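Undergrad: Before anything else, here's the structure in question.
There are 2 protein chains.
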Amino acid sequence: MLGLMQDWPLTVDKVLDHAKAWHGDREVVSRSVEGPIVRTTYAAIHERAHRLSNALKAMGIKQGDRVATLAWNTGRHIEAWYGIMGIGAVCHTLNPRLFADQLVYIINHAEDRIIFTDLTFVPILKGIADKIPTVEHIIVLADADGMKGVDLPGALCFETLVEQHGPEGDWGGFAETLPAGLCYTSGTTGNPKGVLYSHRSNFLHTLVTMGTDVMGLSATDTVLPVVPMFHANAWGLAFSCPGVGAKLVMPGAKLDGASVHELLETEGVTFSAAVPTVWQMLLTHLRETKGTLSTLKRVVIGGSAVPEAIVRGFRDEYGVSVTHAWGMTETSPLGTLANPTAAIAAMDSEAQLRFTLKQGRPPLGIDLKLEDDAGKRLPHDGATFGKLKVKGPFVVGQYFRGDGGEILDAEGFFDTGDVATLDGHGYMQITDRAKDVIKSGGEWISTIEIENIAMGHEKAANAAVIGAAHPKWDERPVLLVQLRPGQSGTKEEFLAFLEGKIAKWWTPDDVVFVEDIPLGATGKIDKKLIRERMKDYVLPTAKSVSA
Amino acid sequence: MLGLMQDWPLTVDKVLDHAKAWHGDREVVSRSVEGPIVRTTYAAIHERAHRLSNALKAMGIKQGDRVATLAWNTGRHIEAWYGIMGIGAVCHTLNPRLFADQLVYIINHAEDRIIFTDLTFVPILKGIADKIPTVEHIIVLADADGMKGVDLPGALCFETLVEQHGPEGDWGGFAETLPAGLCYTSGTTGNPKGVLYSHRSNFLHTLVTMGTDVMGLSATDTVLPVVPMFHANAWGLAFSCPGVGAKLVMPGAKLDGASVHELLETEGVTFSAAVPTVWQMLLTHLRETKGTLSTLKRVVIGGSAVPEAIVRGFRDEYGVSVTHAWGMTETSPLGTLANPTAAIAAMDSEAQLRFTLKQGRPPLGIDLKLEDDAGKRLPHDGATFGKLKVKGPFVVGQYFRGDGGEILDAEGFFDTGDVATLDGHGYMQITDRAKDVIKSGGEWISTIEIENIAMGHEKAANAAVIGAAHPKWDERPVLLVQLRPGQSGTKEEFLAFLEGKIAKWWTPDDVVFVEDIPLGATGKIDKKLIRERMKDYVLPTAKSVSA
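Protein chains in written order, with my numbering: chain A, 92 to 638; chain B, 92 to 638.
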């Protein structure tokens, strides 16, 4: 016997159908790559997405075919997304910050047949055009005028395609198990691996993120996704905003403090989402210009740990509430958010801050566990580190083409590669990446925790901690510091700064001043590169033991 | 090619698993049927539900078997729900307000094998015990002490079963397409028909209702579901509260103003949901006792149209925001909610009120259309009446055992039997039941609209409008008025009261004063019975025409 409710497959075309039917006049405002602010509506995006779908069908695109985008957040990018997904093709978001050889690898691995690109990225594609044989067409997100400057033989004009094709024709109507999106992990070890989202997983992620304790979006919100659509689906905002009827403000290519601030104020933005560096730029800009935030109420911050100074800055200087979030490409991406429980909401603001700075708790649809190296579950005591594993309907089951083999454990959990704690309130805190955590005398030391404290030193522009080989303890921490321009510093003053803030045995054995701390394509510290640069380094403490 | 995310069936056992894992200490407080307030937690409910599952399995209950509940909202009722659904059996909620012969029909139609009952309803079951042959066991929601007064041979004790069985054993792990719940429509025409919810439909309904623009629940909320679990699943609150980690306050059998007020205040309730009559009783009690509402922030009101005086009372006297909602057993039940869009939020409070009093707009997952008798789509102009049809993953596809045959139209929509308007903001307003709407000279007249206005007359205790045969116009409206105790009234003064508030041709041809306006099992006006009582009535205007 089966339940007798309607058969209504969870496919993402229905999200845009809903936006058109119930929020058709709601605006989508973009800072275009060409420069001017352009305005459209969900109804217009719906029609243009249908026209694009017909253009793709005319080019022979079928269900399951991969069609890529290499683009900033704009209304056109949304049209391309829904145009691709609406006919069952797979929208493959390419990260333009990747090195050219990584892009080549990913495009070939995905066998992309078409790439939509912004004008900005035409030179990248021109440089690799002869290395991506599966790509039949490149469509430039521009009008005929914009195409004049495009130096790429055979490139097609987005606006011309939209004009040439009508809006009628089949859309949606397929199984929810079909793939909808493809996004490759940044791949700090080995080749990038593809996460193949289904319509079902995207739709469920959308419903979950609409929850009050998750993203909590409303039709009354105006949302600025600074986080790019190529960075883990802009944390679902290109689905949840039309899903709820929020006004969308797309920042295009300009993510600096002044440009973001201008959009926040002129468009009446109430909600925004970005990585910490964007918010740091905004706060710096606001302080320099004595700017205000007159409509912004909430920001969601993820991608890396949020410095306490950012939370305090938003809260105390601008009255904006900060929600810390954690997720990854493999979790669609939202895994946890640090919205308060009743117990935490009852605490004073300083006590609450300790939880705001954690990565948060899982919504219904996400389950987490902590395990040790032997696969034993660890206590949720807020202190014990363990491997963080995750399970849920929008968590990866296997990578595209089976890369990496079986990636779920016997209970069906995916190993995030993060090391974390879970506390009695259900709050998770990332303490390190599993490959970065320092194993000293059988105990684990969190590099992130030391880095976050060291970055609070007024002379530090950036800081990183890595493990260095030690004959007695296996590994001991080394602190690398990039000083602010014009500053000088000593090992002693940085070690003194850490004293009392971390356990004594966590104290780095050395402090090394470096010219720069390298960042990867998603803005995180590239520890692989740091370890490579430091491969000949020997700890002073190791020398003394061996001496 | 399929998407490669995890296979994670949407089954409701996972809702309680989530509550246990992440909100295990969160309280569930009940006014027990025995009298005292009792306190438990989601973790304890989880364990006891598992013990009950094992008790049911020991009685031979298998997947798909129907197990009924005849019970008020209490923690034990929740344990019974999850104990039944957690092993794939079907939880059939019985409405104790039905007449005995309707209960007999429904129990036999469902072939219930077991009935959980409150002490309160033992006499009902004793009265029909020899007419429900499929029922093998009756389990009384009581402890051994409570059983002493139970006069029902063979009745089992709930607490004894919980004690006798351990918490270990299989739970969940089946397909999301399995049935989870069964609820019969009140059936004002023909026999009651069963709606067979699936795990998938219940889970999706839960996720949708957790949205900020829907029920908008948070872990920081304390929720009092006055709406019974036997009334369309308590509008999903028995799923969404554990799903989000809200504290639950269950009112048991006492739904009067004083009892509800006591719980609101002593338990710190922030959110509640009920039909208008409950809120009217509460407001009357508050005014009589000069009571206050110190923690309540929001109430959701559904089941029938909300009188303006209730919205104003909550808003202006107590600072509580009211959300009007519409739904039906066939929609799980939430279909629309009148949360504001950005355009409406920008209006002044009096202008907003016009929308607050409508039934609202559909969330993602619900689609609506208006049709005329010929199946043509009607405009969303806020004025044109039409048949309201609905589609979505938690809307009925067919009734249990195929009753009523094919109930979806060619586009897959279900006809709600309501007549409604849709306006340019996407707000739906019910104007009538299709079988009650008056067809006068080919045009439709809304009986509900006239009733709502007439009920605003200070002398009226209740009012109803029905159509009476007319030789020229086919039907003309008659207003029936039940006066407040001690009042007397005239036809002329009621017609004068309506003047200017409705179109002239809507003016009732007669006003009839009656001793009572009969209500059905769900508290709505029983127009079928009124029409029966009025079958010999002849319009004065009809007499004059025929004379």
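Just so it is clear, CB atoms sit at the ideal spot from N, CA and C, and this is done for glycine as well.
Keep in mind that this is a model prediction, so the values were computed, not measured.
Give me the Cα-Cα distance between Q450/A and F476/A, rounded to the nearest whole angstrom.
TA: In the first sequence, the residue the question calls residue 450/A occupies position 359. In the first sequence, the residue the question calls residue 476/A occupies position 385. Here the C-alpha atom of Q450/A lies approximately 14 angstroms from the C-alpha atom of F476/A.
Undergrad: Between the region 271-302 of chain B and chain A, which residues of the former have CB atoms less than 8 angstroms from a CB of the latter, in chain order?
TA: A271, V286, L287, Y288, S289, H290, R291, S292, L295, T297, L298, V299, M301, G302
Undergrad: I believe D514/A touches K478/A by the beta-carbon criterion, under 8 angstroms. Please report the beta-carbon distance rounded to the nearest angstrom.
TA: Taking the first residue of the first sequence as position 1, residue 514/A is located at position 423. Taking the first residue of the first sequence as position 1, residue 478/A is located at position 387. Wrong, their Cβ atoms sit about 17 angstroms apart, outside the cutoff.
Undergrad: For the structure I just gave you, are there three or more beta carbon pairs, one from the region 150-159 of chain B and one from the region 315-325 of chain B, closer than 8 angstroms?
TA: no
Undergrad: Under three-state DSSP, which class holds L315/B?
TA: On the second sequence, residue 315/B is found 224 positions in, with the first residue counted as 1. Strand.
Undergrad: Whether or not the region 334-341 of chain B and the region 102-117 of chain B are in contact is what I'm after, with contact meaning three or more pairs of Cβ atoms, one per stretch, closer than 8 angstroms; do they touch?
TA: Flag = yes, the region 102-117 of chain B and the region 334-341 of chain B touch.
Undergrad: Would you tell me roughly how many angstroms separate the C-alpha atoms of G580/B and A551/B, rounded to the nearest one?
TA: By one-based count along the second sequence, residue 580/B stands at place 489. By one-based count along the second sequence, residue 551/B stands at place 460. Answer to the nearest angstrom: the Cα atoms are 9 angstroms apart.
Undergrad: Distance, Cα to Cα, I175/B vs V181/B?
TA: For the purposes of this step, residue 175/B is taken as residue 84 along the second sequence, with counting starting at 1. For the purposes of this step, residue 181/B is taken as residue 90 along the second sequence, with counting starting at 1. Spanning the alpha carbons of I175/B and V181/B requires a straight line of approximately 6 angstroms.
Undergrad: Strictly below 9 angstroms CB to CB, what residues from chain A border V486/B?
TA: Residue numbering aside, residue 486/B sits at position 395 when the second sequence is read from its first letter. Result: M96, Q97, W99.
Undergrad: To the nearest angstrom, how far is it from the Cα of V528/B to the Cα of I557/B?
TA: Translated into positions along the second sequence, residue 528/B becomes position 437. Translated into positions along the second sequence, residue 557/B becomes position 466. One C-alpha to the other measures close to 8 angstroms.
Undergrad: Considering only C-alpha positions, which residue in the set D601/A, L147/A, L107/A, G611/A is nearest to Q255/A?
TA: As a working note, residue 255/A is residue 164 in the first sequence. Cα-wise, what sits closest to Q255/A is L147/A.
Undergrad: For R452/A, which residues in chain B fall below 7 angstroms Cβ to Cβ?
TA: To locate residue 452/A, count along the first sequence from 1; it is residue 361. Result: W113.
Undergrad: Measuring only between beta-carbons, confirm whether S440/B sits less than 7 angstroms from chain A.
TA: The residue given as residue 440/B occupies position 349 in the second sequence. Chain A, which has no Cβ nearer than 7 angstroms to the Cβ of S440/B, makes this no.
Undergrad: For the beta strand (DSSP E) containing E125/B, name the first residue and the last one.
TA: Locating residue 125/B in the second sequence gives position 34, counting from the first residue. Run containing E125/B: none; DSSP gives neither H nor E here.
Undergrad: Does M320/A get closer than 7 angstroms to chain B when you measure Cβ to Cβ?
TA: The residue labelled residue 320/A in the question sits at position 229 within the first sequence. Not a single CB atom of chain B sits nearer than 7 angstroms to the CB of M320/A.
Undergrad: Specify, as a first and last residue, the run of the alpha helix (DSSP H) that Y173/B falls within.
TA: In the second sequence, residue 173/B corresponds to position 82, counting from 1. Taken as a continuous stretch (DSSP letters only), the alpha helix (DSSP H) holding Y173/B covers 166-176.
Undergrad: Under 7 angstroms between the Cβ atoms of S423/B and H296/B?
TA: The residue you call residue 423/B lines up with position 332 of the second sequence. The residue you call residue 296/B lines up with position 205 of the second sequence. Taking the C-beta atoms as reference points, H296/B is found nearer than 7 angstroms to S423/B.
Undergrad: Given this structure, state the Cα-to-Cα distance separating Y402/A from A310/A, to the nearest angstrom.
TA: Translated into positions along the first sequence, residue 402/A becomes position 311. Translated into positions along the first sequence, residue 310/A becomes position 219. This sequence places Val at residue 402/A; Tyr is not what is there. Taking the straight line joining both Cα atoms gives about 26 angstroms.
Undergrad: Going by DSSP, what residue range makes up the beta strand (DSSP E) through H183/B?
TA: Numbered from its first residue, the second sequence carries residue 183/B at position 92. Run containing H183/B: 181-184, per the beta strand (DSSP E) assignment.
Undergrad: Can you list, in chain order, the residues of the region 458-478 of chain A whose Cβ is nearer than 8 angstroms to any Cβ on chain B?
TA: Residues are counted here when their Cβ sits less than 8 angstroms from a Cβ of chain B; for the region 458-478 of chain A these are D458, given in chain order.
Undergrad: Closer than 8 angstroms between beta carbons: that is the criterion. Which residues of the region 489-504 of chain B meet it against chain A?
TA: Q489, Y490, F491, L499, G503
Undergrad: For G307/B, which residues in chain A fall below 9 angstroms Cβ to Cβ?
TA: For the purposes of this step, residue 307/B is identified with residue 216 of the second sequence, where counting begins at 1. Residues of chain A passing the Cβ test: G302, T303, G307, S309.
Undergrad: Can you tell me whether DSSP reads K105/B as helix, strand or coil?
TA: Locating residue 105/B in the second sequence gives position 14, where the first residue counts as 1. If DSSP states are grouped into helix, strand and coil, K105/B belongs with the helices.
Undergrad: Excluding the 5 residues flanking T102/A on each side, which residues of the same chain have their C-beta closer than 6 angstroms to its C-beta?
TA: Against the first sequence, residue 102/A aligns to sequence position 11. So the list reads G263, E267, H290, once near-sequence residues are dropped.
Undergrad: Does T334/A get closer than 7 angstroms to chain B when you measure Cβ to Cβ?
TA: Numbered from its first residue, the first sequence carries residue 334/A at position 243. In the sequence as presented, Thr is not what sits at residue 334/A; that position holds Gly. Chain B contact via Cβ: present.
Undergrad: From the DSSP output, which residues share a beta bridge with S277/A?
TA: Position 186 of the first sequence holds residue 277/A. DSSP, once it has assigned bridges, lists no residue as partnering S277/A.
Undergrad: Have a look at F485/A, G343/A, V120/A and flag the residue whose alpha-carbon is nearest the alpha-carbon of T94/B.
TA: To locate residue 94/B, count along the second sequence from 1; it is residue 3. Before going on, a small fix: residue 94/B reads as Gly here, not Thr. The residue with the shortest Cα to Cα distance from G94/B is F485/A.
Undergrad: Secondary structure at E590/B, three-state DSSP: helix, strand or coil?
TA: The residue you call residue 590/B lines up with position 499 of the second sequence. Of the three classes helix, strand and coil, the one that applies to E590/B here is strand, per DSSP.
Undergrad: Determine the contact status of P567/A and L469/A, defining contact as a CB-CB distance below 7 angstroms.
TA: Along the first sequence, one-based indexing puts residue 567/A at 476. Along the first sequence, one-based indexing puts residue 469/A at 378. According to the sequence provided, residue 567/A is Arg. The question's Pro does not apply to it. Not in contact: R567/A and L469/A (Cβ atoms no closer than 7 angstroms).
Undergrad: Going along the chain, which unbroken runs of the alpha helix (DSSP H) with 4 or more residues stay wholly within the region 535-614 of chain B?
TA: 538-545, 582-589
Undergrad: Note down the Cα distance separating V286/B from G488/B, rounded to an integer number of angstroms.
TA: As a working mapping, residue 286/B is identified with position 195 in the second sequence. As a working mapping, residue 488/B is identified with position 397 in the second sequence. Rounded to whole angstroms, V286/B to G488/B spans 9 angstroms at the Cα level.
Undergrad: Among the candidates G359/B, T361/B, V391/B, whose CA atom is the shortest distance from the CA of W370/B?
TA: Within the second sequence, residue 370/B is the residue found at index 279, counting from 1. Among G359/B, T361/B, V391/B, the Cα nearest to that of W370/B is on V391/B.
Undergrad: Is the Cβ-Cβ distance between F249/A and L232/A less than 7 angstroms?
TA: Taking the first residue of the first sequence as position 1, residue 249/A is located at position 158. Taking the first residue of the first sequence as position 1, residue 232/A is located at position 141. Closer than 7 angstroms, so yes.
Undergrad: Relative to the C-alpha of L194/A, which candidate in L252/A, G177/A, W535/A, K217/A has its C-alpha closest?
TA: The residue given as residue 194/A occupies position 103 in the first sequence. The shortest C-alpha separation from L194/A is found at K217/A.
Undergrad: With 7 angstroms set as the bound, which would you pick, yes or no: does the beta-carbon of A344/A sit closer than that to a beta-carbon of chain B?
TA: Locating residue 344/A in the first sequence gives position 253, where the first residue counts as 1. It does not: the Cβ of A344/A has no partner Cβ on chain B nearer than 7 angstroms.
Undergrad: Apply the 10 Å Cβ neighbour rule to A554/A and answer buried if 16 or more other Cβ atoms are within range, or exposed otherwise.
TA: Taking the first residue of the first sequence as position 1, residue 554/A is located at position 463. A554/A should be labelled buried.
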